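Remarks on the structure that follows.
In the working numbering, the protein residues as written are 2 to 158.
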């Protein structure tokens, strides 16, 4: 389990260009996307909700307090995904996690069983058996609670 004092990935970097591109594309998907179930006037893109949540749930591997168990497991998991080379340094691992998150923002990857399994396993590697609780008091269209559930978290909205 990651210590409270350990920085989260979102505190040091975010693949904003990649996530923004996928979030903009997501607005035009009209077939097979959860946003087509109902129209909410202030719906947040699932791509950005998914990316931000994952970055907030994962530790920064370059932080001195980041557990070695997490780094080892993250390297194993990211090796299973093409295009995410975790290398053998903490900086390479950080870059690989950011690449994974940027790719996972793409709806085509987010509905892939492999990406979903790896994202859930990363959250589990960071938090152990105690599933993190994600609370969204202003749930609106439900983008944040939906993506938190997909990442394997408990949610309260």
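The beta carbon of each residue, even a glycine, is placed where N, CA and C say it ideally should be. Computed from a predicted structure; not experimentally measured.
Sequence-distant residues of the same chain with beta carbon closer than 8 Å to residue 21, five excluded per side: For the purposes of this step, residue 21 is taken as residue 20 along the chain shown, with counting starting at 1. Closer than 8 Å at the Cβ level, and outside the excluded window around residue 21, lie 49.
Alpha carbon to alpha carbon, how far is residue 150 from residue 89? By 1-based counting over the chain shown, the position of residue 150 is 149. By 1-based counting over the chain shown, the position of residue 89 is 88. Taking the straight line joining both Cα atoms gives about 31 Å.
From which residue to which residue does the alpha helix (DSSP H) around residue 156 run? For the purposes of this step, residue 156 is taken as the residue at position 155 of the chain shown. From DSSP, residue 156 is part of no alpha helix (DSSP H) but of the beta strand (DSSP E) over 155 to 157.
Cα-Cα separation between residue 138 and residue 56, rounded to whole angstroms: Here residue 138 is taken as the residue at index 137 of the chain shown, counted from 1. Here residue 56 is taken as the residue at index 55 of the chain shown, counted from 1. Using only the alpha carbons, I get a separation of about 20 Å.
Given a cut-off of 8 Å on the beta-carbon distance, is the pair residue 87 and residue 7 in contact? Counting from one through the chain shown, the residue named residue 87 turns up at place 86. Counting from one through the chain shown, the residue named residue 7 turns up at place 6. No, they are not a contact pair.
Which one of 10, 100 and 121 has the shortest CA to CA distance from residue 153? Indexing the chain shown from 1 puts residue 153 at position 152. Measuring from the Cα of residue 153, the nearest candidate turns out to be 121.
Since residue 13 is in the beta strand (DSSP E), which residue starts that stretch and which ends it? Reading the chain shown from its first residue, position 12 is the one you call residue 13. From DSSP, residue 13 is part of no beta strand (DSSP E); its letter is neither H nor E.
Span of the beta strand (DSSP E) holding residue 198? Past the boundaries of the shown model lies residue 198; the chain is included only from 2 to 158, so the question cannot be answered.
Compare the beta carbon distance of residue 108 and residue 12 with 8 Å and say whether it is the shorter of the two. The count along the chain shown starts at 1 and reaches residue 108 at position 107. The count along the chain shown starts at 1 and reaches residue 12 at position 11. No, the Cβ-Cβ distance between residue 108 and residue 12 is not below 8 Å.
Let me know the alpha helix (DSSP H) ranges lying completely inside the segment 45 to 83, each 4 residues or longer, listed in chain order. If only complete runs of 4 or more residues are kept, the segment 45 to 83 shows the alpha helix (DSSP H) at 47 to 58 and 69 to 80, in order along the chain.
Report the residue from 72, 71 and 101 whose alpha carbon sits nearest the alpha carbon of residue 85. Residue 85 sits at position 84 when you count from the first residue of the chain shown. Closest option to residue 85, Cα to Cα, is 101.
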